[in-house]
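A quick write-up on the structure given underneath.
Protein chains: 2
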Amino acid sequence: MKLAEIYQCFCEPTRLRILHLLTQSPLCVCHFQDALREPQVKISKHLAYLRSRRLVRTKRSGNWIIYSLPSKPSAELEMNLKCLQDCAQSDPIFGKDLKRLARLRSNCCEPAEVFAK
Amino acid sequence: MKLAEIYQCFCEPTRLRILHLLTQSPLCVCHFQDALREPQVKISKHLAYLRSRRLVRTKRSGNWIIYSLPSKPSAELEMNLKCLQDCAQSDPIFGKDLKRLARLRSNCCEPAEVFAK
DNA sequence: TGTCTACATTCCTTTATGGGAATATAGGTA
DNA sequence: TACCTATATTCCCATAAAGGAATGTAGACA
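Next up, the structure:
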């Protein structure tokens with residue numbers, strides 16, 4: 002069942018935080034590492050998990066791999082991402098991630114297209 | 002993270018079908034068995050899973066155990082159940098479950114309060 | 001060509017999950 | 001009390017998931 006697969010992707014805290022950040026803008030791996038303060042291997046594996054289920058797409062830009070949500074998400078995914086954004090209000094961890102991400106915008110080595118929705 | 006726990010409950014097809022039926026009305030175990038056409042042990046275990054995470058509540062009525070959604074669900078759960086109802090439109094399996102359930106209403110041994118929202 | 005950077009993958013271990021067969025249990029009824 | 005019905009639990013097995021340490025790799029650049 003396709004819907005259950007979406008929820009499988011949503012059911013792990015780190016993945017949930019990753020997806021939440023991606024609803025804001027495309028990002029490269031180092032941004033996730035810095036915003037979530039989690040080790041590289043952990044981030045990388047969860048991104049691979051999401052990639053294998055087609056919940057995120059990648060594009061290379063020089064040395065960086067930029068992750069983004071699919072350009073044409075299914076209706077189910079779109080609804081659930083919207084719901085996630087609403088639910089994220091109720092757990093401060095999501096807000097903290099956003100704050101750290103915002104701080105990164107000023108001093109990090111990002112390629113131009115990251116942060117450019 | 003509380004939100005991730007909700008998605009853990011949502012991430013298995015049988016549980017998703019159970020929760021979907023429960024958004025319609027409280028039900029007893031035999032209704033799930035008949036509507037989902039799944040073995041008793043499977044239904045019972047998934048119900049136990051949901052119960053242990055407080056996504057469903059139980060009440061005994063004679064020989065039957067009636068399962069229902071919590072009377073005061075958290076905002077997150079409520080939003081996600083609403084989202085599930087919308088998403089369920091896109092997979093025919095949910096519709097079939099509802100149809101089988103509707104057929105049961107007429108010829109099954111239900112206590113009065115089941116089906117009475 | 002060699003090196004560096006950003007990221008991915010492999011290997012290993014632990015824990016969780018899911019399913020079925022068999023068995024247990026609680027309440028109702030004869 | 002004995003039995004029946006509805007449901008729960010236990011035991012066993014197979015598979016998936018998650019995390020860390022170590023290692024591999026592709027592209028940029030000197």
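So the sequence lines, in the order shown, correspond to chains D and F. Here this note's numbering = 1-based position in the first sequence + 1. Here this note's numbering = 1-based position in the second sequence + 1. All residues carry an ideal CB built from backbone N, CA and C; glycine is no exception.
What are the boundary residues of the beta strand (DSSP E) that residue i is part of?
i                : result
Lys73 of chain D : Where Lys73 of chain D is concerned, there is no enclosing beta strand (DSSP E), given that its DSSP letter is neither H nor E.
Arg61 of chain D : 58 to 62
Would residue i and residue j be called neighbours here (beta carbons separated by less than 8 Å)?
i                : j                : result
Phe95 of chain D : Ala89 of chain D : yes
Ser91 of chain F : Glu77 of chain D : yes
Leu17 of chain D : Met2 of chain F  : yes
Cys12 of chain F : Cys12 of chain D : yes
Leu23 of chain F : Leu70 of chain F : yes
Tyr8 of chain D  : Tyr8 of chain F  : yes
If residue i and residue j are in contact, beta carbons under 8 Å, what's the gap, nearest whole angstrom?
i                : j                : result
Pro74 of chain D : Leu82 of chain D : 7 Å
Could you give the residue range of the alpha helix (DSSP H) that holds residue i?
i                 : result
Thr15 of chain F  : 14 to 23
Glu119 of chain D : Given that chain D is displayed from residue 2 to residue 118, the structure contains no residue 119 of chain D and the question cannot be resolved.
Ser53 of chain F  : 41 to 53
Ala1 of chain F   : Here chain F comprises residues numbered 2 to 118, so residue 1 of chain F is not present and cannot be evaluated.
Between which residues of its own chain and residue i is the CB-CB distance below 7 Å, once the five residues before and five after are set aside?
i                 : result
Ala113 of chain F : Residue placement at Ala113 of chain F cannot be trusted, given a pLDDT of 49 that sits under 50; what the coordinates show is reported in the next sentence. Same-chain partners within the cutoff: there are none.
Arg52 of chain D  : Thr59
Tyr39 of chain F  : Strictly speaking, residue 39 of chain F in this sequence is Glu, with Tyr absent from that position. Around Glu39 of chain F: Thr15.
Gln41 of chain F  : Gln34
Lys118 of chain F : Residue confidence is low: Lys118 of chain F scores 42 on pLDDT, short of 50, so the model does not pin down where it sits. Its coordinate-derived value is still stated next. Excluding positions up to five away in sequence, the list reads Ser26.
Arg54 of chain D  : Glu6, Cys10
If I measure Cβ to Cβ from residue i and keep anything under 8 Å in the same chain, skipping five residues before and after, which residues do I get?
i                : result
Phe33 of chain D : Ile19, Leu22, Glu39, Ile44, Leu48, Tyr68
Asp98 of chain D : Arg18, His21, Leu22, Ala36, Leu37
Ser72 of chain D : Arg58
Lys46 of chain F : none
Who are the near neighbours of residue i in its chain, counting only those whose CB is closer than 6 Å to its CB and skipping five residues on each side?
i                 : result
Leu56 of chain D  : Cys10
Leu4 of chain D   : Glu77
Arg101 of chain D : Ala36
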